[in-house]
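Using my numbering, read the sequence shown as starting at 352 and increasing by one per residue.
Think of the CB as a built atom: it goes at the ideal place given N, C-alpha and C, for glycine as much as any other residue.
Predicted, not measured: the structure shown is a model, and the values here were computed from it.
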Amino acid sequence: LQIPLVVRLQGTEVDEAKKLIAESGLRIITSDDLDDAASKSVKLSKMVNMAREAKINVSFELPI
Numbered sequence: 352l353q354i355p356l357v358v359r360l361q362g363t364e365v366d367e368a369k370k371l372i373a374e375s376g377l378r379i380i381t382s383d384d385l386d387d388a389a390s391k392s393v394k395l396s397k398m399v400n401m402a403r404e405a406k407i408n409v410s411f412e413l414p415i
């Protein structure tokens, strides 16, 4: 993944899922709250769009 993926996690094994995601090395941002996940997604999208319009390459590292 070049651009981080924002996911909302919920359920009985959410802690295990967060651990697996953290250990995966993938650029995945987790959230427990749907509104928070949506807000992060919009902000991330705006950053990527601004960089593309300016013809600037950006890279992301977690944690952000």
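Within 10 angstroms of the beta-carbon of V357 lie 16 or more other beta-carbons, which makes it buried. Nearest neighbour of L413 by Cα position, chosen from V365, M398, G376, turns out to be G376. Pairing R359 with A405 gives a Cβ-Cβ distance that is not under 8 Å. Contact check between the segment 391-406 and the segment 358-374: fewer than three CB pairs, one atom from each, fall below 8 Å, which does not count as touching.
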